[in-house]
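**Student:**
Numbering (our numbering), first residue to last: 508 to 648.
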């Protein structure tokens with residue numbers, strides 16, 4: 508019993524002398540327990556550096572596709588990556604531009620024919636004037 512009293516007295520004496528010691532024990536009870544930590548072995552190796560590069564990609568197989576005439580594409584009869592056969596119609600091109608070009612060419616042709624007819628008439632008149640000695644050879648030429 509003396510030991511119990513002695514122990515209680517000792518704790519009381521310590522709490523009076525060192526009140527921070529009891530406070531520290533209470534504080535430890537209030538703190539969160541340490542977090543669990545997962546560990547793994549460290550390895551040695553090479554890593555590939557990441558970087559951006561500007562460049563051009565060249566493909567093994569390349570197909571050039573171009574129409575022989577001007578026009579707006581109206582219908583596409585294939586999809587990307589689809590195999591096509593020789594002679595198969597791939598796209599349908601509108602003929603609006605071609606029709607306008609044809610009309611302009613015809614109008615230009617008619618204008619040239621008209622200019623030719625006028626030049627023939629002028630030549631006949633100048634030839635008659637030259638034969639009558641009314642204009643010089645220079646004007647005739």
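The beta carbon of each residue, even a glycine, is placed where N, CA and C say it ideally should be. Just so we're clear, the structure is a prediction, and the values are computed from it rather than from any experiment.
At the level of alpha carbons, what is the spacing between residue 622 and residue 614?
**Tutor:** Stepping through the chain shown from its first residue, residue 622 is reached at position 115. Stepping through the chain shown from its first residue, residue 614 is reached at position 107. Cα to Cα, the separation comes out at about 12 angstroms.
**Student:** List the residues that DSSP assigns as beta-bridge partners of residue 580.
**Tutor:** What you label residue 580 is simply residue 73 of the chain shown in a count that begins at 1. For residue 580, which the question treats as bridged, DSSP gives the partners 600.
**Student:** Considering only their Cβ atoms, is the gap separating residue 584 from residue 597 smaller than 7 angstroms?
**Tutor:** The residue labelled residue 597 in the question sits at position 90 within the chain shown. The residue labelled residue 584 in the question sits at position 77 within the chain shown. Yes, the pair counts as a contact, with Cβ atoms nearer than the cut-off.
**Student:** Rounded to the nearest angstrom, what separates residue 610 and residue 595 at their Cα positions?
**Tutor:** Along the chain shown, one-based indexing puts residue 610 at 103. Along the chain shown, one-based indexing puts residue 595 at 88. Using only the alpha carbons, I get a separation of about 30 angstroms.
**Student:** Tell whether a beta-carbon distance below 7 angstroms holds between residue 601 and residue 581.
**Tutor:** Residue 601 sits at position 94 when you count from the first residue of the chain shown. Residue 581 sits at position 74 when you count from the first residue of the chain shown. Yes, Cβ-Cβ distance for residue 601 and residue 581 is below 7 angstroms.
**Student:** Quick check on DSSP: helix, strand or coil for residue 630?
**Tutor:** For the purposes of this step, residue 630 is identified with residue 123 of the chain shown, where counting begins at 1. Residue state for residue 630 is assigned as helix, using DSSP reduced to three classes.
**Student:** If you draw a straight line from the alpha carbon of residue 558 to that of residue 578, how long is it in whole angstroms?
**Tutor:** In the chain shown, counting from the first residue as 1, residue 558 sits at position 51. In the chain shown, counting from the first residue as 1, residue 578 sits at position 71. For residue 558 and residue 578, the distance between alpha carbons rounds to 43 angstroms.
**Student:** Check whether the Cβ atoms of residue 637 and residue 647 sit closer than 7 angstroms, and answer yes or no.
**Tutor:** Stepping through the chain shown from its first residue, residue 637 is reached at position 130. Stepping through the chain shown from its first residue, residue 647 is reached at position 140. It is a contact, given that the beta carbons lie within the stated cut-off.
**Student:** In this structure, does DSSP put residue 637 in helix, strand or coil?
**Tutor:** Mapped onto the chain shown, residue 637 falls at position 130. In the structure shown, residue 637 sits in a helix (DSSP, three-state: H, G or I).
**Student:** What residue ranges within the stretch 538-563 form continuous alpha helix (DSSP H) runs of no fewer than 4 residues, ordered along the chain?
**Tutor:** none
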